[in-house]
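Top line first, the protein sequences correspond to chains A and B.
Quick note: the numbering used here has the first sequence finishing at residue 155, numbered continuously throughout.
Quick note: the numbering used here has the second sequence finishing at residue 155, numbered continuously throughout.
Note that beta-carbon positions come from the ideal geometry of N, C-alpha and C, so glycine has one too.
Taking it in order: structure first as structure tokens, then the write-up.
Protein chains: 2
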Amino acid sequence: MTLSKNTFIGEFSYTLDSKGRLNIPSKFRQSLSKDNKETFVIARGLDQCIWVYPLIEWKQIENNLRKLSSISNTHRRFIRNTARYASPSTYDKQGRIILHPSLIKYAGLDKEVLIIGMINKMEIWNPDLLEKFENKQDELNSEAYEELSNKIIL
Amino acid sequence: MTLSKNTFIGEFSYTLDSKGRLNIPSKFRQSLSKDNKETFVIARGLDQCIWVYPLIEWKQIENNLRKLSSISNTHRRFIRNTARYASPSTYDKQGRIILHPSLIKYAGLDKEVLIIGMINKMEIWNPDLLEKFENKQDELNSEAYEELSNKIIL
DNA sequence: GATTGTTACCCACTACTACCCACAATGTTA
DNA sequence: TAACATTGTGGGTAGTAGTGGGTAACAATC
């Protein structure tokens, strides 16, 4: 059963094999529109995780980055850190992508891996690190979180 | 006799079978508009229950989530916590949906299950837990309840 | 040009899920 | 009251999804 095109929700656990291959949930593959079918951009996430965008979503980010002026110190750094660690990728016939060792190291990935749908992208996590991260966040800024949940009706 | 389209009211009790399958009340199935006939999004509720949205309702949530920027720490967490535990689903020829083991665990579901109409979605409860929850709530915040009466006329 | 290493493709096995059918219980109509 | 339709529940099975390993094709290095 597929959802809207290019929209990712849900959580899936997979194993990262010795070749650095990682399965993409078949539900996510199905929700990719034809043009995207085989192309992703894999990037470093802002938390200790990996972000995987379908090509269409990434192109929007690129457009937004183009609008930032390199005169601003902040903008410059933002562009650099976003573009630097991103790279295009495809999946193989079995639906797996290959993760670069540097990204595996950044996300602290082991054999067991969690893939989370984030609407416009997927996140790849070490499940233990995610749990620690979420617990830590709960203690912090819960007011901002509360405020946000008043705006969005579930 | 059906009510407005995509509106759920009433309470029904069913049994969850060994395969995690749960019947959807036929009244609810009837009240689904054609486009939604076979698609739901099942998500973790804010109380210890499961939320089931018809697709149209969920798409509104999705649209709101799409407006949030992943640069904000708070927004990121909100998207993650909302999208993570949600998954699209259809019902089978007998009108049942399948509940994922992690959600069954979260809601503390046993064989006996209560489905409650919540206007824009349905809630799935362990009847014992709901009763306990409601009793506990009665003692607390009756002020908040009072305040609400200024907004809604019954 | 030979050697090494990496990448991508192919095949095979396992386990699960989604579909199918069957039947009981209840409600409805003639 | 009998016949039928609808609703709720249970279990078997074929097809698909996830995983691992082998090998050919290609690039890089000497």
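Distance, Cα to Cα, residue i vs residue j?
{"i": "residue 207/B", "j": "residue 151/A", "result": "In this structure chain B extends from 2 to 155, so residue 207/B is not present and cannot be described."}
{"i": "residue 62/B", "j": "residue 121/B", "result": "12 Å"}
{"i": "residue 101/B", "j": "residue 75/A", "result": "44 Å"}
{"i": "residue 131/A", "j": "residue 44/A", "result": "17 Å"}
{"i": "residue 16/A", "j": "residue 97/A", "result": "11 Å"}
{"i": "residue 108/A", "j": "residue 154/B", "result": "52 Å"}
{"i": "residue 67/A", "j": "residue 81/A", "result": "12 Å"}
{"i": "residue 23/B", "j": "residue 31/B", "result": "17 Å"}
{"i": "residue 33/A", "j": "residue 89/B", "result": "15 Å"}
{"i": "residue 104/A", "j": "residue 60/A", "result": "21 Å"}
{"i": "residue 51/A", "j": "residue 72/B", "result": "14 Å"}
{"i": "residue 92/A", "j": "residue 25/A", "result": "8 Å"}
From the beta carbon of residue i, is the nearest beta carbon of chain B less than 8 Å away?
{"i": "residue 86/A", "result": "no"}
{"i": "residue 117/A", "result": "yes"}
{"i": "residue 58/A", "result": "no"}
{"i": "residue 14/A", "result": "no"}
{"i": "residue 125/A", "result": "no"}
{"i": "residue 109/A", "result": "no"}
{"i": "residue 138/A", "result": "yes"}
{"i": "residue 11/A", "result": "yes"}
Which residue comes first and which comes last in the beta strand (DSSP E) that contains residue i?
{"i": "residue 13/A", "result": "12-16"}
{"i": "residue 24/A", "result": "22-24"}
{"i": "residue 9/B", "result": "Element bounds for residue 9/B: n/a, residue is neither H nor E."}
{"i": "residue 165/A", "result": "With chain A covering 2 to 155 only, the question about residue 165/A has no answer from this structure."}
{"i": "residue 43/B", "result": "41-45"}
Using a beta-carbon distance below 8 Å, is residue i in contact with chain A?
{"i": "residue 144/B", "result": "no"}
{"i": "residue 65/B", "result": "yes"}
{"i": "residue 51/B", "result": "no"}
{"i": "residue 29/B", "result": "no"}
Cβ closer than 7 Å: which chain B residues qualify as neighbours of residue i?
{"i": "residue 8/A", "result": "63"}
Residue i lies in the alpha helix (DSSP H); which residues open and close that run?
{"i": "residue 28/B", "result": "27-32"}
Anything in chain B within Cβ reach of residue i, meaning under 9 Å, just list it in chain order.
{"i": "residue 33/A", "result": "Per Cβ cutoff of 9 Å: no residues; residue 33/A is ~14 Å from chain B at best."}
{"i": "residue 21/A", "result": "In chain order: nothing, as chain B lies at least about 24 Å away."}
At 9 Å on the CB atoms, spell out the chain A contacts of residue i, in chain order.
{"i": "residue 79/B", "result": "146, 149, 150 and 153"}
{"i": "residue 71/B", "result": "46, 47, 52, 119, 121 and 122"}
Complete runs of the beta strand (DSSP E) confined to the segment 71-151 of chain B [at least 3 residues]: 88-90, 97-99, 113-118 and 123-126
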